[in-house]
């Protein structure tokens, strides 16, 4: 952290008070409207608003699963059912001595969290559609159990919902309780969204490979999110039972699941405000369309289809007016290598990265045939060869995407775990990709901040509640990211959505993201592909400057000029074996290399 | 009791297998699993009852009309819910678009047809001497479908074109195969197979709108366990599922049967995400 202390020149643009107010304004307006509602004196609208709050408590948590992590959890109504029955049954005391409703609500939250993980677990291993199916299956099963377990749940006859004593026993009192919880959930999920956890979730959704290279472990993160959203669903269930005052399995139809899901999609993935508006909209909508009540699910489904096909970005995209402002046409990337010493100014312990006797076959094709390769700290090591000679495969073995059949990669003689790409970031091995892997909907700054995820210290709970360490992490990551962006020459584009960048800019953005790791070794996979001559020259200078800070660079490239200009050492591969190895001058005059690859 | 477990189990198992095959045919054509598979099965029963019982058509005409509707619905699925989202396959929007379409079909049926199970007509005036026709018809339909698909895929030019597309989409297009028409045809075939499932099993499952989610799930289980794209896997898996479910039903009661199927499904999938029949090798049709 200290090593990355920023200079005044490139200090990150802190969100000004005004900008923060602009972000918070819609939420404040909604809160004011929510608090003012009772003064209208319409009790019926109170019930509708209570329902909207309860739905939002669930949707807020589910939003992290669906909208941020991109996991298609369709049957989340199962957890609402669970929470509703748990709170009601524990309060009524049919299964064990009766508890206070508040305590019962707490128990439901815990149960919801546990079952949230159980329902979510398959997502860690299964394909999307399979996971969607298992959540559906779970919802069906739970309803059947509620029907069959008559002694506890009352079967088809049902069970009375809890009444919360004290100030919350009146309808308006209960409304304020739900409003408060809804506000709490909004605040907590907004905190997560603005933390490294929120960025990591979106990275898992949109660029899983890049997320792994940045050290994001998908299972651990998803389990945290399932815990949280299971708990909010459990609480929502308890509140729902109280609002209904009497629950039967019929109350928990699949239609509700669809409603929750659509609220998020209408709102837009990766947004908090959008799904919140979506939830309010979908709760109120049926009130205006009373004659169509039988058609409500049909209309929801039709809406879902229209959204998926016509506006996958949802409300959040419509509200995102800032990113519709045109960008400057003629932009130049001017790296500032002199800033690298601030970013990378530290002495790495790792001095050599060594591939030893690596053999890897894909079916009948020998991609790597006993490859030995050593990359030294502070050097630029070029790796060239014809297409299919194993360059990218070698890089993928180092970064852990492929497990070789024999041999492996060693960092200072310590073997690197096989097939575990997320372990490389902590060892300060960073990489870029042949095709840039970016999170298109996030800003350039956020994309770069992803690269520093492993350097964050605060826990999920600390971020949830914005405890001091959360702010320190965020400030540190934002400053480093601005420094990295300035170093590669993209600081003007920091707030722009990444999918609006040109190809060349994306290449430099990926390098900035990799630099966030303060890498001991940096693996670049064809970074010059698609760049202009001038950009290639600047890229070359940047790479040399990076290596002079002590970082070992492995450069896989086809531009022979770039390779011979900047490399300290060049290895030529052919058919998975080393054809030649030496200084650029030696390689340039190597007869076989000239014949096979470079041409005279 | 054993007799009723076996006859009933094989009958529903054959329906599950047919739904599984409908999933597979759509999957091999587009790399997409469609939630409309269950809707097709449900409609097979509903449309059969509608055409034959309510409109009074002869069984043969009702059967053909039902198949035609299946083909049309298949094509609609392809145009509305699959084709627009194919270019962004990695975002998995197809899960949502096909789910939306399936829900619309289900709700429309609930509103326009009935929310109560309705009787399904007897199809044949013979063939009940040994075993009741409602038990052997689904099995026969299933076998006929599998044999038909094998013949189509192995011995006709258009069938080989289907295989080429499922094997390597780009290469198939590069040699000039009309990928889009072939995909639509596949969806039409899948539509007919799905409807056939509901029609042949009509007397067992009745004409009931809520069959859709049930068939969606139980039809997918054999696909997931048997390996996606494998019709033989779907057949074996479907029949085994039907027998297991009915045995559990008779022995310990319905709720346990559902829970047991679900638990087995999850455990097997978590242990072997590629299905019991094994990985990519079983992907061939």
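Chains as they are written, first to last, in the working numbering: chain U, 2 to 601; chain C, 86 to 370.
Virtual Cβ for every residue (Gly too), placed ideally from N, Cα, C.
Quick caveat: nothing in here was measured; it's all calculated off a predicted structure.
**Prompt:** Hey, residue 145 (chain U) and residue 344 (chain C): beta-carbon distance below 9 Å or not?
**Reply:** Taking the first chain and counting its residues from 1, one reaches residue 145 (chain U) at position 144. Taking the second chain and counting its residues from 1, one reaches residue 344 (chain C) at position 259. Contact: yes.
**Message:** Based on DSSP bridge pairs, tell me the residues matched to residue 334 (chain C).
**Reply:** Translated into the one-based positions of the second chain, residue 334 (chain C) becomes position 249. DSSP links residue 334 (chain C) through a beta bridge to no other residue.
**Item:** Pair within 9 Å by beta-carbon distance, residue 119 (chain U) and residue 383 (chain U)
**Value:** Within the first chain, residue 119 (chain U) is the residue found at index 118, counting from 1. Within the first chain, residue 383 (chain U) is the residue found at index 382, counting from 1. No, Cβ-Cβ distance for residue 119 (chain U) and residue 383 (chain U) is not below 9 Å.
**Message:** For residue 304 (chain U) and residue 166 (chain C), I'd like the C-alpha separation in whole angstroms.
**Reply:** By 1-based counting over the first chain, the position of residue 304 (chain U) is 303. By 1-based counting over the second chain, the position of residue 166 (chain C) is 81. Distance between the alpha carbons of residue 304 (chain U) and residue 166 (chain C) is about 13 Å.
**Request:** Check whether the stretch 574 to 589 of chain U touches the stretch 250 to 259 of chain C, counting contact only when three or more Cβ pairs, one atom from each stretch, lie closer than 8 Å.
**Result:** With a cut-off of 8 Å, the stretch 250 to 259 of chain C and the stretch 574 to 589 of chain U do not count as touching, because too few Cβ pairs lie within range.
**Asked** Pick from C:357, C:331, C:319, C:338: whose alpha carbon is nearest that of residue 110 (chain C)?
**Response** Taking the first residue of the second chain as position 1, residue 110 (chain C) is located at position 25. Among C:357, C:331, C:319, C:338, the Cα nearest to that of residue 110 (chain C) is on C:319.
**Request:** Count the other C-beta atoms from every protein chain shown that fall within 10 angstroms of the C-beta of residue 251 (chain U), then say buried if there are 16 or more, exposed otherwise.
**Result:** In the first chain, residue 251 (chain U) corresponds to position 250, counting from 1. Residue 251 (chain U) comes out exposed.
**Exposure of residue 496 (chain U), with buried meaning 16 or more beta-carbon neighbours within 10 Å** = Locating residue 496 (chain U) in the first chain gives position 495, where the first residue counts as 1. By the Cβ-count criterion, residue 496 (chain U) is exposed, with fewer than 16 other Cβ atoms from all chains shown falling within 10 Å of its own Cβ.
**Start-to-end residues for the beta strand (DSSP E) that takes in residue 646 (chain U)** = Examination of residue 646 (chain U) is not possible in this model, given that chain U is present from 2 through 601 alone.
**Message:** Distance cutoff 9 Å, beta carbons only. Does residue 131 (chain C) sit that close to anything in chain U?
**Reply:** For this step, residue 131 (chain C) is matched to residue 46 along the second chain. Cβ-Cβ to chain U under 9 Å: no for residue 131 (chain C).
**Message:** Considering only DSSP beta bridges, list what residue 375 (chain U) is partnered with.
**Reply:** Working through the first chain from its first residue, we reach residue 375 (chain U) at position 374. DSSP lists U:355 as partners of residue 375 (chain U).
**Under 7 Å from the C-beta of residue 403 (chain U): neighbouring residues of chain C** = Here residue 403 (chain U) corresponds to residue number 402 of the first chain, with the count starting at 1. Simply none; closest approach about 17 Å.
**Prompt:** Closest to residue 64 (chain U) by CA distance: which of U:209, U:212, U:168, U:268 is it?
**Reply:** Counting from one through the first chain, the residue named residue 64 (chain U) turns up at place 63. The shortest Cα separation from residue 64 (chain U) among U:209, U:212, U:168, U:268 belongs to U:268.
**Prompt:** Whose CA, out of U:346, U:570, U:74, lies closest to the CA of residue 554 (chain U)?
**Reply:** The sequence position of residue 554 (chain U) within the first chain is 553, counting from 1. The shortest Cα separation from residue 554 (chain U) among U:346, U:570, U:74 belongs to U:570.
**Request:** Leaving out five residues on either side along the sequence, give the residues of the same chain with a beta carbon under 7 Å from the beta carbon of residue 298 (chain C).
**Result:** Counting from 1 along the second chain, the entry for residue 298 (chain C) is found at position 213. Excluding positions up to five away in sequence, the list reads 123.
**Message:** Checking the sheet assignment: what are the DSSP bridge partners for residue 415 (chain U)?
**Reply:** Residue mapping note: residue 415 (chain U) aligns to position 414 of the first chain, counting from 1. Per DSSP, U:412.
**Prompt:** Is there at least one Cβ from chain D nearer than 9 Å to residue 134 (chain U)'s Cβ?
**Reply:** The chain inventory of the structure shown lacks chain D, comprising the protein chains U and C.
**Request:** Please name the residue or residues paired with residue 523 (chain U) in a DSSP beta bridge.
**Result:** Locating residue 523 (chain U) in the first chain gives position 522, counting from the first residue. For residue 523 (chain U), which the question treats as bridged, DSSP gives the partners U:431, U:554.
**Beta-bridge partners of residue 583 (chain U), as assigned by DSSP** = Reading the first chain from its first residue, position 582 is the one you call residue 583 (chain U). DSSP output for residue 583 (chain U) lists U:571 as bridge partner(s).
**Message:** My output table needs one value for residue 367 (chain C): the three-state DSSP class, helix, strand or coil.
**Reply:** In the second chain, counting from the first residue as 1, residue 367 (chain C) sits at position 282. Residue confidence for residue 367 (chain C) is low, a pLDDT of 32 falling below 50, so the modelled location carries little weight and cannot support an answer.
**Message:** Please classify residue 241 (chain C) as buried or exposed, where buried requires at least 16 neighbouring CB atoms within 10 angstroms.
**Reply:** By 1-based counting over the second chain, the position of residue 241 (chain C) is 156. Under this definition residue 241 (chain C) is an exposed residue.
**Asked** Taking 9 Å as the CB-CB limit, is residue 161 (chain C) close to chain U?
**Response** Locating residue 161 (chain C) in the second chain gives position 76, where the first residue counts as 1. Not a single C-beta of chain U is nearer than 9 Å to the C-beta of residue 161 (chain C).
**Item:** Buried versus exposed call for residue 447 (chain U) [16 or more other C-beta atoms within 10 Å across all chains shown]
**Value:** Counting from one through the first chain, the residue named residue 447 (chain U) turns up at place 446. Buried, because 16 or more other Cβ atoms sit within 10 Å of the Cβ of residue 447 (chain U).
**Prompt:** How many Å lie between residue 93 (chain C) and residue 128 (chain U) at the Cα?
**Reply:** In the second chain, residue 93 (chain C) corresponds to position 8, counting from 1. In the first chain, residue 128 (chain U) corresponds to position 127, counting from 1. If you draw a straight line from the Cα of residue 93 (chain C) to the Cα of residue 128 (chain U), it is about 32 Å long.
**Item:** Separation of residue 237 (chain U) from residue 51 (chain U), as counted between CA atoms
**Value:** Here residue 51 (chain U) refers to the residue found at position 50 of the first chain. Here residue 237 (chain U) refers to the residue found at position 236 of the first chain. Within the model, the alpha-carbon separation for residue 51 (chain U) versus residue 237 (chain U) is close to 11 Å.
**Message:** I need the DSSP call for residue 18 (chain U), collapsed to helix, strand or coil.
**Reply:** Here residue 18 (chain U) refers to the residue found at position 17 when the first chain is read from its first residue. In the three-state DSSP reduction, residue 18 (chain U) falls in the helix class (H, G or I).
**Asked** Does the beta carbon of residue 303 (chain U) come closer than 9 Å to any beta carbon on chain C?
**Response** The residue you call residue 303 (chain U) lines up with position 302 of the first chain. Answer yes: the Cβ-Cβ gap between residue 303 (chain U) and chain C drops below 9 Å somewhere.
**Cross-strand partners of residue 578 (chain U) (DSSP beta bridge)** = Position 577 of the first chain, counting from 1, holds the residue named residue 578 (chain U). In the DSSP output, where bridge partners are listed per residue, residue 578 (chain U) has U:575.
**Request:** Return no unless some Cβ of chain U is closer than 9 Å to the Cβ of residue 343 (chain C).
**Result:** Here residue 343 (chain C) corresponds to residue number 258 of the second chain, with the count starting at 1. Put simply, the CB of residue 343 (chain C) is near chain U, with a gap under 9 Å to one of its CB atoms.
**Message:** Once the 5 residues before and after residue 342 (chain C) are set aside, which same chain residues still bring their CB inside 7 Å of it?
**Reply:** Within the second chain, numbered from 1, the residue matching residue 342 (chain C) stands at position 257. Correct list, in chain order: 330, 333, 334.
**Request:** Could you tell me which chain C residues have their CB closer than 7 Å to the CB of residue 130 (chain U), listed as they occur along the chain?
**Result:** Position 129 of the first chain, counting from 1, holds the residue named residue 130 (chain U). Result: 118, 180.
**Within 9 Å, strictly: CB atoms of residue 280 (chain C) and residue 190 (chain C)** = Taking the second chain and counting its residues from 1, one reaches residue 280 (chain C) at position 195. Taking the second chain and counting its residues from 1, one reaches residue 190 (chain C) at position 105. Not closer than 9 Å, so no.
**Request:** With 8 Å as the C-beta to C-beta threshold (strictly closer), list the residues of the stretch 284 to 299 of chain U near chain C in chain order.
**Result:** Those residues of the stretch 284 to 299 of chain U placed with their C-beta closer than 8 Å to a C-beta in chain C are 295, 296, 298, 299, ordered along the chain.
**Message:** Let's see if you can read the secondary structure: which residues bound the alpha helix (DSSP H) around residue 240 (chain C)?
**Reply:** In the second chain, counting from the first residue as 1, residue 240 (chain C) sits at position 155. Run containing residue 240 (chain C): 218 to 240, per the alpha helix (DSSP H) assignment.
**Straight-line Cα distance separating residue 222 (chain C) from residue 261 (chain U)** = Position 260 of the first chain holds residue 261 (chain U). Position 137 of the second chain holds residue 222 (chain C). The C-alpha of residue 261 (chain U) lies about 41 Å from the C-alpha of residue 222 (chain C).
**Asked** When DSSP builds the beta bridges, which residues end up paired with residue 331 (chain U)?
**Response** For the purposes of this step, residue 331 (chain U) is taken as residue 330 along the first chain, with counting starting at 1. Residue pairing from DSSP leaves residue 331 (chain U) without any beta-bridge partner.
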